[in-house]
Structure formats: structure tokens, C-alpha cells
Amino acid sequence: MVQSSEQVIQNSEQVIQSSEQMVQSSEQMVQSSEQVIQSSEQVIQNSEQVIQSSEQVTQSSEQVIQSSEQVIQNSEQVIQSSEQVTQSSEQVIQSSEQMVQSSEQVIQSSEQVIQSSEQATQSSEQVIQNGVTKDKMQISL
Numbered sequence: 197m198v199q200s201s202e203q204v205i206q207n208s209e210q211v212i213q214s215s216e217q218m219v220q221s222s223e224q225m226v227q228s229s230e231q232v233i234q235s236s237e238q239v240i241q242n243s244e245q246v247i248q249s250s251e252q253v254t255q256s257s258e259q260v261i262q263s264s265e266q267v268i269q270n271s272e273q274v275i276q277s278s279e280q281v282t283q284s285s286e287q288v289i290q291s292s293e294q295m296v297q298s299s300e301q302v303i304q305s306s307e308q309v310i311q312s313s314e315q316a317t318q319s320s321e322q323v324i325q326n327g328v329t330k331d332k333m334q335i336s337l
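Sequential numbering of the sequence shown, starting at 197, is according to this note's numbering.
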């Protein structure tokens, strides 16, 4: 029985080590996800600046349209390009928001893994305590 208890203790210690490794990995995933969120937010900010710039180009182009018909044709091309940039930027914003949502889901999953690992650690520590108690009882008997 003592050997079995020692084996249980060893197994429990291995479970604790594995749980701690899972916690570390999960924390790294959380950090990576937070970095993705920050990068995504930066992309969103840049995209919004591009949209603002594109809108300014559109306004400037409309002023050029009033000046001459030749400039009107060129300005219309600029408007179309600006609209395409706006659409592309909006798509980037949507993609970035989806990345943020995905990253938040990864964070939630990582936190659940951390909680599960902590529960496994607690259970393993309880098994160790129970094994030590049984050993003491057997020795006293």
C-alpha cells in the first residue's frame, strides 16, 4: 500500500507539473492574443485614417470637377479609386474586428484551460494529502 501511495503521489506530482505547463502555455496564448488584439486595433486605426484621407480626396476631386470637364473625368477616376480604397478599408476593419473577436474567444478558452489546470492541481494536491494521511495511518497501525 505504501508503494501504491508513493506511486499515486508521483503520478499526482506529474499531473501538477503537466497542469503548470498547461497554465504557462495558456498564459502565453493569452499574451499572444492580446498582441493580436493590439495589432488589430492599430490596423483599425490606420484603416480609419485611410478612410478619412479617402473622403478628403473625394471632396477635393469634386472641387476639381467644377473647374473643367477634362478635370472632371480625371476626378471621377480618383473618386472611384477612393471609393475602392474606402471599401477595402472597411473590409480590413471588418476583418480586424473578427480577429479581435476570435482573439477574445482564445483568451476565454485559455482562461478556462487555466481554471481547469488549477482544478487539476488542487485535485492532485488533495490526492497527495490523502496518500500521506493513509501512509501515516498504516504506519501508526
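Just so it is clear, CB atoms sit at the ideal spot from N, CA and C, and this is done for glycine as well. Nothing here was measured: the structure is a model prediction, and the numbers come from that model.
8 Å contact criterion, which residue i and residue j should meet: CB distance rounded
| i | j | result |
| --- | --- | --- |
| G327 | S201 | 4 Å |
| I240 | I289 | 6 Å |
| V204 | S306 | About 29 Å separates the two Cβ atoms, so there is no contact after all. |
| S320 | V219 | Not a contact, Cβ separation roughly 13 Å. |
| S236 | S292 | 4 Å |
| S222 | I324 | S222 to I324, Cβ: 23 Å. No contact. |
| T254 | S278 | 5 Å |
Cβ-based neighbour list, residue i, same chain, cut-off 7 Å, excluding 5 preceding and 5 following
| i | result |
| --- | --- |
| V232 | M295 and S299 |
| V281 | V246 and S250 |
| S264 | none |
| A316 | V211 and S215 |
Close beta carbons around residue i, own chain, < 6 Å, minus the five adjacent residues each side
| i | result |
| --- | --- |
| S257 | S271, V274 and I275 |
Contact test: residue i Cβ vs the ligand COA heavy atom, cutoff 7 Å
| i | result |
| --- | --- |
| V226 | With respect to the ligand COA, the structure shown offers nothing to examine, as it has no ligands at all. |
Hey, which unbroken runs of the alpha helix (DSSP H) at 4 residues or more fall wholly within the segment 278-309?
none
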